[in-house]
Each structure stands twice: as structure tokens, then as C-alpha cells.
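Okay, structure first, notes after.
In this note's numbering, the protein residues as written are 267 to 1205.
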């Protein structure tokens, strides 16, 4: 229901100076029809007025130019964007030529053109013009001019739309400060800008920061112009939503009721905005589990929207969908089904079958049929929803803005959980659903790191075509989500698809990278079965939420899906008993094993006894399904990303799984299609070392603020955000010896070491050094889960880690401490994140090594960030990643990498080389806490 809460962002548009001194009757008639929303008649009168002006006053007269602006406004309001574009271009060209570039009316015309470009999804040109408007007003009218404030606000709202929140905020703050100086803090226009800044914080999920701003905006607007206006309503609606997100249900209900009453007073009880406020208040009731109170509101809202917008309008479909979903929650399935079916029919006819709203309706109907025990229909609708979701993922997802990706994924994750719960209910009776479950997992695991690469080709011509392709793709995504807008803008989607297809053919012929990245065929479990060998198995772990009748209460469930060469009809499904304990009680035991093994004189007997016990919880049921298999491609999820299954001991034969199974850890079992059986090193390749960075970014080269190398003992890293900023990030002193020793060792294999340390260990190196064969990061790799301490220490941060759990991992490079202080999404700031890693060009990089990483055993919930860093390196093109789950002795790690390299150098492939090195380390140390730390992801 939260999606029904409307965020009312007030955008200040630069006005147009319309001086109608003639043709007043025509223009007044046009204005009359505008006010009565009859834009077709308004346009007819306006066009007539303009033609008369041309005849009587000349085309370049002031009166005619003003009427051109007037015609632009009418076409813009009506949604005739192609016609509006003609008028807007004509308007700005004539004003520039006749009035000059210093004319405020010329500036207004540029603002109108920018506004139109934004509406038509031409964001690049819109940004260029908005920036030009800002600069022209600043230069000619000064930074205290009221229009300068408006221009900054317009640029900021564009950045909000594009998800570029870090860039938007300073402009919004500056606009707000100018307005405060100009009109004071008691003026409604200032209150509106305060509301805008709060809305930005809502987009960022910073509800605690938005709340005081909204309270201030509400107070200012109420005192300045009263409460009977849209500005007050906008701020009040936002405040209600913030309280909903902060789980202050009583306050949210109180504010929502006030919004409803005020809408009724100002607009009447038949206005669509009144209906929206009813839906919003109903959403509060649903989250408060007051379902009976929500029903009459949703019914009234649906009746109003049907009356005003018609029974074929998508907004009416949304009301039907909300009402049907409510009935589903209430167990009134016979009433839910017709409402949702009607909603689906409207969505398909008005928006198309592949629109997200149409797909959501399929999921909602499937849920009703599943809850009511109608498996056949539920399976049909889930199947349709699945195939259309796959189309969205492969065709549109990489081109969405970051905030849109997060929104899409959060919605998709809920649908996946809903489908997985359906599988739990019916898999015994209808086992074919496990195949769909596996395919869903293949398509969606790590989805948030699916991005468009920037390095498709070195050719200038191909890059130009690629940029045109990207622009066209973005336009297709925009208009595919809003077919009505496409029609009004004169956009033919089929023609646009043909243009895109032509670009793709041109690029694919010249860029293998492009062809590989944008292959739209998705893999299924049957493809996995065909690819693996007889002695191999593929295991996908899935973690999902189990919804209860209470909206806010969830439990978790772990499942394993298994495919072998013998899998006939459907993958095997293993459900883990006591899934919650896998992340709590059982993981605590695993942690105790690791920590005791890292102490002096560990009790190996006790450790092994516990590892036998843990085998029963984490692996026994999987083992029964893969008996006799020698190689397992294992893709973890959740807590399985924090453990090394090779450490478990089969209680039946007392063997470590390290010796029983050749584990190939992958981020997705579809990675079996990326097998690299390369042996030995190609000639003349680089080994790039980035070690011992200057975390403080000292002002004088070579001058370090951290402690000197007084001893060889590394300091422990405290997983405390504030401590890292205040007391500094400890150096890994042993990384210097580690890199020196390996650099010399690699030379015997023909590798050319290239070492960057201290002030040279910076992010830029990764872009400057082209495709190194091996990359070694001799620095910290840290993972966060609980971001509350980050918010508390750095409340102004707009970093994507606050919203995206896959991004909560950092490789610390030069300047990392300074970057932590502000924590913005700035490139090359010393914090290398999964998002930045996924954009690197590592297509010729065989191996990445992070020997000093630690996943923080005290945090059992940061598993998504661990997966994120692994997925990012492989997405960037690297074949394999070697990392540690917890820190072990530097000398042991050095010897391990040497042995691994020796194995590869004599002709073994990387997985075999890694396993041999691990087995030898196990024989030497006889301590699973040592050899179990090192893992390799990829092949």
C-alpha cells in the first residue's frame, strides 16, 4: 500500500511573460477553455490568434512572440509535446535574435524548452539548458535574483528525477537560502522549497531528516497563506507519509485524515485528488491492520475515479487493484478475484501486457488463486508473470536509474517471496514449480549489480552509435512505462524498437563486449543440466521471507535447488529446517569454531565435533541429493555467503567436505557457462599490486599520519564507523612484505609486477592500467550491515549504501578516511564500492586477490554486501576472486598464493590449483580456522 502514497513535489517553473494587448477576445476565449480543461478548443482559439497576429503585426513582433509562448503552454498542458517542441524552439530562437541573450524573456523561453525536454525524457538536453539558464541568470541578474532561486530549484528537481540526489541537494539548499534572504522564512514560497528539500530526503529514505523540514514547511505555509491551498496539502501529505515510514501509525492516521478533510473542503468529494487522499489514508489503515476501516475508503475512491476518469483509465485500475488486494488479505477471495481481473484487463488495454502494473496484477491474481487453493489458475498466472518479468529484466532493467532499480528490485523481491511461498505450498503435489523457482533465481540473483558497461568499444564511431543506442533505449524504457505519454508525444514504439535494433546490429558486428553483455536470452535450469558433466552438480541456495497475516511480521526460509545430469523433470528442492537458527544459533557455533581456532593452542577435537554437528544443519540434506558427485557448483545466499562449507565434517566418514567435494563457488550457477579451463600464464602480462594506501591522504607526498612501521604486527580493524573516522584506519603493515615477496615470485612466470603504494595506491590506477592479468589489493575490504551508526555519525550522507545493501562493501584506498567523513557517491574518493567495481574493464583479468579481507564474524547480517563485492568483480569481467572470510597470518597467506600460482604454472586450471593449495594448507596446519578462511569465487 505504500506505493499508493503520492509524493507531491512542487516544481517551480519559470514563467512566461505574455503581453496580450491585441486579439484579446481570441486569447481570452482560449484562456477560458484552459481553465475549464478543454484544451482542444483552447488550442484552436490560440492558433487563430497567432495567425491573425502574423498577418497584422508581422511574425517578429513582440505580440506574436508572446502568442508563440502562449501556444507552447497550451500544447504542453494538453500533452502535445511534439507541437509544443516546435513552438518552444521557435520562441527561444526569436527571442534570442530579437531581444538578445540578456533578456529575461529569452531566459524564460530556455526554461520552457528545458521543461519540455525533461517531460520528453531528453534528459541530456534538459540538463544542458537548465544549466545554461542558471548561468545566464547568475551572470546577468545576480545570485540574489528570485529567478536564480527558481532556476536552481528546477535543475535540482531534474537531478531528483534522474536519481542524482547528491547533485540535487546543494542546488536545493542554495535555492532555499536565496529565497529565505529574498522573502524571509515566513513566506509561502520559501516553505515550498523547504518541502522540496524534504521530498528529496524522502526519496533517499532519510525520513528522520525529512520530518523536521516538513513540520517547518507546514507551519510556514499555514501562517503565510493559510491551509486552504495546494502547497499546504503537499507538505501535509508528505508529512503523513513520513510518519507512516517511521511506523507512527496514530500520527500518520491523524495527518492522513486531515488531508482527506482538506481535499474534500477545497476540491469537493468528486475530485480525483480527493480520491488519492482516500487511498493514502486507506494505506495507513492497512499497515495498522485496520482492514475494515480501509475498505469503505477504497470503495469511495474507486467510485470517484471511475466517474471522473472513466472505467478504462489506469488510475481506476489501480483503485481496483488496491481493493482486490485488500480483499485477498481479508480472505474474501470471491470478491478479490473480479476486482483484480478487471484491473488486469484495464492495464493490458491501456498500458500494454508487459507494463509493470500489468505484471503486478498477474502476481496479485496468482496470489488470490494460491490462497484459495486453486493451483491450476495460480500456476498459469505465475507463469505469465514470470515470462513478462524476464522480459522486463533483460530488456529494461540495466537502463533504469539507480533509484528506479532499487524500487523495481524491492517490488520484485516481494513478488519473488510470494511465488516462493507458493512453491512451498504446492511443490509436493505439483513438483514442476521447482523448475520455475530455479529459473527465477538464475534471473534475479545479484540483479542490482546488472549495469550498462561504459567501455563497449575503443572505436570513436562505435562509441557514438552506442551512445545513441543508450539514449534510444532510455527513451524506450520511459515510454514503454507510459504508453499514453508516448501517444501524446507522437512516439511510435515499434519504430523506436526498429531504430534500436539497427544500432544493436551495427555495434554487435564491431564489439564482442556488447554482444556478450546484452545477450537477451536467459538461462534455465535445463540449460544448466545440459552444461554440467556427469560427475557434477549445481546447487542454488535461496533465502526468502515468509509472509504472515500481519503485514509487518516475517519469518525466513532457506532452500536449496539442485540440478545434476540425471535430473529429469524438475530440480530437487531441499528445505532447511529451523532456517532462522541458521543465521543465529548455528552461526554462533560456527563463529566460535573460527575464533577458537585462531587462538593459541586451539582445541581441534572440540572444533571438529562442532563442525560435525553443523554439517547436519547446513549440508546433510543437500548431501543426500548429490551422492557420488565430485564437483559442485555452489551459489550461496544469505548466511551461506559468510561460511565456508568445505569446513564441515561428514559425521558418517569423518571427512572434511574439502576432501569429499571439489567446491566451485559461483555467484550464480549460470556461471558454469563461463568456465575458463586456461592453464599457465600468457606471456608479458601485468600483475598489479595496490598496497598500503595512505588512508589519510596526507598533504605531503610520503608523509603518513598513521603510525610508523615500528613493528611488524598489524593492528586489528574495529568494525566501528565512527572509530575509523575519528581514530583512523589502521595500516596493514604486513601488506608491504606480502607484495614485495609475491612481486618477485611472479617474475618467474613471466608476469610483470607493477606496485602502487602509499599516496599512489589510489582508485585512478584501476582506470589507468589497462587490463592487468592479476590484481592484488593489499588493503582492507570491509562490509557493513547495520547502517544506523553511519546515519548517526554522518547524517548528511546521501550514499547509495544507505539504500542498497549490495553496496555496503568498501575496499579502502588512498583518502578512504576522508571519504568516510562525508560518505558521498563520488567516484575515485578512496572507497572502491561494488557499483564502481562493476564498471571497471577487467575482461582480460584472470584473477583478483584480496588477502586481507574480513567479513566481520560479529555481524551475521552483512551477507548481501559480501555477495555484492564478489558479483561486482565477476560482472566487471574478472574470471576469479580469491579473498579471505577472516584475517589469517600474512606469511601463511603469502605461501598459499605462491603454491596456488605454482600449481597453475605447471598446467593445472585455477579451481584445481586452488583446491590443491587448500588441501596442502589443511595438512600443514590441521586447523580449519586457518585454511577455511580462504575462498575462491569464479573459475
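Think of the CB as a built atom: it goes at the ideal place given N, C-alpha and C, for glycine as much as any other residue. On a predicted model such as this, the values are computed, not experimentally measured, just so you know.
What residue from 372, 955, 1117 and 768 has the CA that sits closest to residue 1206's CA? The first residue shown for the chain is 267 and the last is 1205, placing residue 1206 beyond what the model contains.
For a test of the three-state rule: what should DSSP assign to residue 913, helix, strand or coil? Here residue 913 is taken as the residue at index 647 of the chain shown, counted from 1. Residue 913: helix per DSSP, three-state reduction.
State the beta-bridge partners of residue 806 as determined by DSSP. The residue you call residue 806 lines up with position 540 of the chain shown. Partner(s): 827 and 901.
Go through its chain and collect everything with a Cβ distance to residue 635's Cβ below 6 Å, but skip five positions before and after it. Here residue 635 refers to the residue found at position 369 when the chain shown is read from its first residue. For residue 635, same chain residues with a beta-carbon under 6 Å away, outside a window of 5 residues either side, are 643 and 644 in chain order.
Pull up the CB-CB distance for residue 928 and residue 892, whole angstroms please, since I reckon it's below 8 Å. As a position in the chain shown, residue 928 is number 662, starting the count at 1. As a position in the chain shown, residue 892 is number 626, starting the count at 1. Actually they do not touch by this definition, with Cβ atoms about 12 Å apart.
When burial is assigned at 16 or more other CB atoms within 10 Å of the CB, is residue 730 buried or exposed? Here residue 730 refers to the residue found at position 464 when the chain shown is read from its first residue. Flag for residue 730 reads exposed.
Is the distance from the Cβ of residue 357 to the Cβ of residue 334 below 7 Å? What you label residue 357 is simply residue 91 of the chain shown in a count that begins at 1. What you label residue 334 is simply residue 68 of the chain shown in a count that begins at 1. Yes, they are a contact pair.
With a Cβ-Cβ cutoff of 7 Å, do residue 849 and residue 807 count as a contact? Translated into positions along the chain shown, residue 849 becomes position 583. Translated into positions along the chain shown, residue 807 becomes position 541. No, the Cβ-Cβ distance between residue 849 and residue 807 is not below 7 Å.
Which term fits residue 939, buried or exposed, when burial requires 16 or more other beta carbons within 10 angstroms of its beta carbon? Stepping through the chain shown from its first residue, residue 939 is reached at position 673. Exposed: under 16 other Cβ atoms inside 10 Å.
Got a sec, what are the start and stop residues for the alpha helix (DSSP H) residue 959 sits in? Position 693 of the chain shown, counting from 1, holds the residue named residue 959. Premise fails: residue 959 lies in the beta strand (DSSP E), 951–959, not in any alpha helix (DSSP H).
Using the C-alpha atoms, what's the distance from residue 827 back to residue 834? Mapped onto the chain shown, residue 834 falls at position 568. Mapped onto the chain shown, residue 827 falls at position 561. Their backbone Cα atoms lie some 14 Å apart in a straight line.
Check whether the Cβ of residue 337 lies closer than 6 Å to any heavy atom of the ligand NAD, and answer yes or no. For the ligand NAD, the structure offers nothing, since it holds no ligand at all.
Return the first residue and the last residue of the beta strand (DSSP E) that residue 1075 is part of. Taking the first residue of the chain shown as 1, we reach residue 1075 at position 809. Its beta strand (DSSP E) spans residues 1075–1078.
Which word fits residue 622, buried or exposed, when buried means at least 16 other C-beta atoms lie within 10 angstroms of its C-beta? Your numbering for residue 622 matches position 356 in the chain shown. Burial call: buried.
Residue span of the alpha helix (DSSP H) that contains residue 446, given as start and end: Against the chain shown, residue 446 aligns to sequence position 180. 431–449 is the extent of the alpha helix (DSSP H) around residue 446.
So, using beta-carbon positions, are residue 526 and residue 502 closer together than 7 Å? Position 260 of the chain shown holds residue 526. Position 236 of the chain shown holds residue 502. For residue 526 and residue 502, no; Cβs fall outside 7 Å.
Could you say if the segment 363–375 and the segment 388–396 meet the contact criterion of at least three C-beta pairs nearer than 8 Å? The answer is no - the segment 388–396 does not touch the segment 363–375, with fewer than three Cβ pairs under 8 Å.
DSSP three-state label for residue 932, please. As a first step, residue 932 must be located in the chain shown, where it is residue number 666. Residue state, collapsed to three classes: coil.
Considering just the uninterrupted stretch of the beta strand (DSSP E) at residue 1202, what are its terminal residues? In the chain shown, the residue the question calls residue 1202 occupies position 936. Looking at the DSSP string, the run of the beta strand (DSSP E) that includes residue 1202 is 1200–1204.
According to DSSP, simplified to helix, strand and coil, what is residue 1149? As a position in the chain shown, residue 1149 is number 883, starting the count at 1. Strand.
Identify the residues that DSSP records as bridge partners of residue 1043: which are they? Taking the chain shown and counting its residues from 1, the one referred to as residue 1043 is at position 777. Residue 1043 pairs with 956.
Do residue 1175 and residue 1080 have their beta-carbon atoms positioned less than 7 Å apart in this structure? Here the question's residue 1080 lines up with position 814 in the chain shown. Here the question's residue 1175 lines up with position 909 in the chain shown. No; because the gap between Cβ atoms is not below 7 Å, this pair is not in contact.
Are residue 632 and residue 613 touching if we call contact CB-CB under 7 Å? For the purposes of this step, residue 632 is identified with residue 366 of the chain shown, where counting begins at 1. For the purposes of this step, residue 613 is identified with residue 347 of the chain shown, where counting begins at 1. No, these two residues do not count as a Cβ contact at 7 Å.
Do residue 590 and residue 606 have their C-beta atoms closer together than 7 Å? Locating residue 590 in the chain shown gives position 324, where the first residue counts as 1. Locating residue 606 in the chain shown gives position 340, where the first residue counts as 1. Cβ atoms of residue 590 and residue 606: closer than 7 Å.
Inter-stretch contact at 8 Å, needing at least 3 Cβ pairs: the segment 931–938 / the segment 996–1011: Verdict: no, contact absent.
Provide the residue span of the alpha helix (DSSP H) that contains residue 572, from first to last. Counting from 1 along the chain shown, the entry for residue 572 is found at position 306. First-last of the alpha helix (DSSP H) with residue 572: 557–575.
In three-state DSSP terms, what is residue 582? Looking up residue 582 in the chain shown gives position 316. Note: residue 582 maps to helix in three-state DSSP.
Burial state of residue 1096 (16 or more Cβ within 10 Å): Position 830 of the chain shown, counted from the start, is the residue given in the question as residue 1096. Burial call: buried.
Neighbourhood of residue 311 by C-beta, 6 Å cutoff - its chain only, sequence neighbours within 5 removed: Against the chain shown, residue 311 aligns to sequence position 45. For residue 311, where only same-chain residues beyond five positions count, the Cβ hits under 6 Å are 292, 295 and 296.
Cβ distance (whole Å) where residue 791 is taken to contact residue 837 below 8 Å: Mapped onto the chain shown, residue 791 falls at position 525. Mapped onto the chain shown, residue 837 falls at position 571. Residue 791 to residue 837, Cβ: 5 Å. Contact.
List the whole-angstrom C-beta distance separating residue 444 from residue 423, where the pair is believed to meet the contact cut-off of C-beta under 8 Å. One-based indexing of the chain shown puts residue 444 at position 178. One-based indexing of the chain shown puts residue 423 at position 157. That belief does not hold up - the Cβ atoms of residue 444 and residue 423 are roughly 16 Å apart, past 8 Å.
Own chain partners of residue 1042 with C-beta closer than 6 Å, once the 5 adjacent residues on each side are dropped: Here residue 1042 corresponds to residue number 776 of the chain shown, with the count starting at 1. For residue 1042, where only same-chain residues beyond five positions count, the Cβ hits under 6 Å are 955 and 1115.
Distance, Cα to Cα, residue 585 vs residue 761? For this step, residue 585 is matched to residue 319 along the chain shown. For this step, residue 761 is matched to residue 495 along the chain shown. Each residue's alpha carbon lies about 33 Å from the other.
From the DSSP output, in three-state form, read off residue 624 for me. Taking the chain shown and counting its residues from 1, the one referred to as residue 624 is at position 358. Three-state result, residue 624: helix.
In terms of residue numbering, what span does the alpha helix (DSSP H) encompassing residue 879 cover? Residue mapping note: residue 879 aligns to position 613 of the chain shown, counting from 1. Counting along the chain, the alpha helix (DSSP H) containing residue 879 begins and ends at 870–884.
Among residues of its own chain, excluding the 5 on either side of residue 1018, which ones have a beta-carbon nearer than 6 Å to its beta-carbon? Here the question's residue 1018 lines up with position 752 in the chain shown. If we look at residue 1018 and ignore the five residues flanking it on each side, its Cβ neighbours are 952.
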